[in-house]
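Reading through the structure tokens given below for one structure.
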Amino acid sequence: MLAFFLLHLILLASINLTLFQIDINLAFLLIVITSCIVLTTQNHKFYRTLIILFIAYSYTGSRLWEIVNPIWFFIPRTLLYGLVFSFISILFGRNIIERFLVSCLTVSLGEIIYVVIVQQIGWKESLGNSELMNLLLLQAGVIFTFYVIREIKIKLEVILQQIEQQKKRWTNE
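First residue of the sequence shown: 1, per the UniProt record's numbering; consecutive thereafter.
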């Protein structure tokens with residue numbers, strides 16, 4: 001299923017759709033639709049939706065603040081947003097699926113809100129540009145790295161407990 005999703009994501013990455021004078025990348029649209037479908041299958045839908053909307057508004061606010069006051073010119077925007085919103089997603093997700101879900105939907109919905117706002121100003125922004133896809137990829141990488149490190153820690157704890165039990169048996173004999 002994941003391979004099917006990734007294949008379609010790669011195929012749709014080069015196709016854009018114009019809707020209400022906003023260019024939308026179809027890969028971005030696929031990510032949003034898939035994330036919404038996954039959200040409907042999760043427990044605590046209302047709680048997740050509130051968290052996602054809160055973080056999405058935070059993302060939009062930080063993007064709008066960046067227009068007015070670009071103070072972080074020394075740190076690449078993708079890196080800064082990727083790390084900050086990945087760690088927020090890690091805090092609010094219980095498992096890796098929920099973390100990916102929160103990560104994808106918050107940035108995607110935040111970007112949609114941002115583009116709608118700057119469209120009213122008269123700027124031409126597109127949804128799903130390469131910078132946003134890089135941000136989503138960075139977030140997925142950070143979340144996956146955190147997951148792997150956590151799993152390694154759990155496996156090492158199990159191994160250490162088994163070694164301790166073996167030592168206790170040897171000392172009792």
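Idealized CB from N, CA, C, for every residue including glycine. What you are looking at is a predicted structure, and each value in this text was computed from that prediction instead of being measured.
Have a look at Cys-104, Met-133 and Ile-67 and flag the residue whose alpha-carbon is nearest the alpha-carbon of Trp-123. Ile-67
With 16 other Cβ atoms within 10 Å as the buried cut-off, status of Thr-60: buried
Is the shortest distance between the beta-carbon of Val-118 and the beta-carbons of chain C less than 9 Å? As a matter of chain content, chain C is missing from the structure shown, which is built from one protein chain.
Contact the segment 78-89 vs the segment 13-23: 3+ CB pairs below 8 Å: no
Which ranges would you report for the beta strand (DSSP E) in the segment 15-42 if only whole runs of at least 3 residues count? 16-19 and 22-25
Under DSSP, the alpha helix (DSSP H) around Ala-56 begins and ends at which residues? 45-68
Sequence-distant residues of its chain with Cβ nearer than 6 Å to Ile-37 (five each side left out): none
Rounding to the nearest angstrom, what Cα-Cα distance links Asp-23 and Val-148 in this structure? 36 Å
Which residues mark the beginning and the end of the alpha helix (DSSP H) in which Arg-77 is found? 77-92
DSSP bridge partner residues for Ser-108 (one or two, in chain order): The partner list for Ser-108 (beta bridge, DSSP) is empty, contrary to what the question assumes.
By alpha-carbon positions, which one of Phe-28, Thr-78, Ser-62 and Val-102 ends up nearest to Ile-50? The sequence given here has Leu at residue 50, not Ile. With distances taken between Cα atoms, Leu-50 lies closest to Val-102.
Can you find the residues in the same chain that come closer than 6 Å, C-beta to C-beta, to Val-118, ignoring five residues on each side of it along the sequence? Glu-125
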